[in-house]
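*Asks:*
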Amino acid sequence: MAAKIALGSYNDEDFDQYGLLKPSHWLWLVVLLLMRGWLIFVMAGVSREHGSPILSQFYPQHGQLAVALLLGLPALVLAWTASLKQYRHTFSARYWRYGQPILLLSLLIDGLNQLVTIHHLWSQGEVVATWQPILLLTTVWAFIFMLKSQRSREAFAAHSAVDKASSKEKSESKP
């Protein structure tokens, strides 16, 4: 097992079998929030007859679904790279290292997109669904959480430090 990186005060169960700080459950909820377009798309695909009504319920305009899928792609790749950390892939290590700014940028763009959508619906006199402002507030909360969460910062930094240490060991072992 890799040596645990000296971080804040965490218990042994806060680290995985590789000695890396596990991302918090809240961080995974932020990732799921950003991946919601993909989740709804998969749900619609699985429920064949009801797929189109499900998509039109959440994304009345097809362009909105495309934007949601595009905004969810960085979070989807981040979740995928989290599963590769034991293999120490160069791509996954680099991508994970920038996870917090990637999520912050995605949340910012997502929040602005939601705000523009709500404003457009309201200014056109169309009905704004109850879930849309709630989703916007949730996105704002997720953005603030990502800015202030020390554990999230340390989880991304810990992976970076372990990857740097392992690459240094590899370079020292070569003749």
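Using this note's numbering, the first residue of the sequence shown is number 24, and each one after it goes up by one.
For each residue, glycine too, the CB sits at the ideal point set by N, CA and C.
1) Are the CB atoms of Leu62 and Ala165 within a distance shorter than 8 Å?
2) Provide the residue(s) that pair with Leu44 in DSSP beta bridges, ordered along the chain.
3) Quick check: the Cα distance between Gly60 and Leu135, rounded to an integer number of angstroms?
4) According to the Cβ coordinates, are Leu107 and Val54 closer than 8 Å?
5) Quick check: what's the CA-CA separation for Ala89 versus Tyr121?
6) For Pro19, which option in Lys171, Ser75 and Leu43 has the closest C-alpha, if you only look at C-alpha atoms?
7) Please report the distance separating the alpha-carbon of Val151 from that of Val139.
8) Could you say which of Leu44, Phe38, Gln137 and Val163 lies nearest to Phe81 if we only look at CA atoms?
9) Give a yes or no on whether the C-beta atoms belonging to Leu159 and Ser129 are separated by under 8 Å.
10) Would you identify the three-state DSSP class for Leu159, choosing helix, strand or coil?
11) Hey, which unbroken runs of the beta strand (DSSP E) at 3 residues or more fall wholly within the stretch 89-171?
12) To the nearest angstrom, how far is it from the Cα of Gln87 to the Cα of Asp133?
*Replies:* So, to answer that:
1) Your numbering for residue 165 matches position 142 in the sequence shown. Your numbering for residue 62 matches position 39 in the sequence shown. Not a contact, by the Cβ cut-off of 8 Å.
2) Position 21 of the sequence shown holds residue 44. BP columns for Leu44 point to Phe38.
3) In the sequence shown, the residue the question calls residue 60 occupies position 37. In the sequence shown, the residue the question calls residue 135 occupies position 112. Straight-line Cα distance between these residues: approximately 16 Å.
4) Mapped onto the sequence shown, residue 107 falls at position 84. Mapped onto the sequence shown, residue 54 falls at position 31. No, they are not a contact pair.
5) Position 66 of the sequence shown, counting from 1, holds the residue named residue 89. Position 98 of the sequence shown, counting from 1, holds the residue named residue 121. About 24 Å.
6) Residue 19 cannot be examined here, being either before or after the span of the chain that is shown, 24 to 198.
7) Indexing the sequence shown from 1 puts residue 151 at position 128. Indexing the sequence shown from 1 puts residue 139 at position 116. In a straight line, the C-alpha of Val151 is about 12 Å away from that of Val139.
8) Counting from one through the sequence shown, the residue named residue 81 turns up at place 58. It is Gln137 whose Cα lies nearest to the Cα of Phe81.
9) Position 136 of the sequence shown holds residue 159. Position 106 of the sequence shown holds residue 129. For Leu159 and Ser129, no; Cβs fall outside 8 Å.
10) Working through the sequence shown from its first residue, we reach residue 159 at position 136. Of the three classes helix, strand and coil, the one that applies to Leu159 here is helix, per DSSP.
11) none
12) As a first step, residue 87 is located in the sequence shown; it is residue number 64 there, counting from the start. As a first step, residue 133 is located in the sequence shown; it is residue number 110 there, counting from the start. Answer to the nearest angstrom: the Cα atoms are 11 Å apart.
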